[in-house]
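Worksheet for the structure shown next.
Residue numbers (our numbering): 57 to 256.
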């Protein structure tokens, strides 16, 4: 059995290798697509009834213990948590997919040919960032849903070194910062300004 933290970093490294092959400019668009996905999720949570915050779903359970597991919850709550997770994951998947389907960026590509080593290194770094954004966001939503995929994917065990490390890393994932409205709006503005200035 592999820990979820080890699997997470393996995926991040894989994204870094992909980024090294694709180049930094295309990987940056993937990061921006995740920012856009987080903004869309925020809008749907705030202004529609189709997407409900995980906290509100859990609040509907009376006398829910702080250490409650997914299996100990009522069947209706389990189904709602799965639905809320997949609704968010679908948005992340779709926008990330289109982020990877970027057109050929001729100007940046020609410049990258002259600076191949720098492009590979920057591409690897941006690939690591995009992997951290994508996988970290999915992991955070899965944790918020109390890990609804047991026994294949289990929650980290508190009190163990790997378990504590996995629990602590959750506070650094993008959805945590997206909960700050000003920070999220600022990130969206920066992303669109960068696209307008650099890519158009």
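We treat Cβ as the ideally placed atom computed from N, Cα and C, and that holds for glycine.
As the structure is a computational prediction, the values presented were derived from the model and not from experiment.
Go ahead and pull the three-state DSSP assignment for residue i.
| i | result |
| --- | --- |
| residue 213 | coil |
| residue 102 | helix |
| residue 118 | coil |
| residue 197 | helix |
| residue 128 | helix |
| residue 208 | coil |
| residue 231 | helix |
Determine, using beta carbons only, whether residue i and residue j come nearer to each other than 8 Å.
| i | j | result |
| --- | --- | --- |
| residue 201 | residue 157 | no |
| residue 144 | residue 197 | yes |
| residue 191 | residue 67 | yes |
| residue 179 | residue 76 | yes |
| residue 204 | residue 137 | yes |
| residue 175 | residue 79 | yes |
Given this structure, state the Cα-to-Cα distance separating residue i from residue j, to the nearest angstrom.
| i | j | result |
| --- | --- | --- |
| residue 193 | residue 128 | 25 Å |
| residue 232 | residue 85 | 21 Å |
| residue 195 | residue 107 | 18 Å |
Between which two residues does the alpha helix (DSSP H) containing residue i stretch?
| i | result |
| --- | --- |
| residue 135 | 131-156 |
| residue 66 | 60-78 |
| residue 238 | 237-250 |
Would you decide whether residue i is buried or exposed? Buried here means 16 or more other CB atoms lie within 10 Å of its CB.
| i | result |
| --- | --- |
| residue 235 | exposed |
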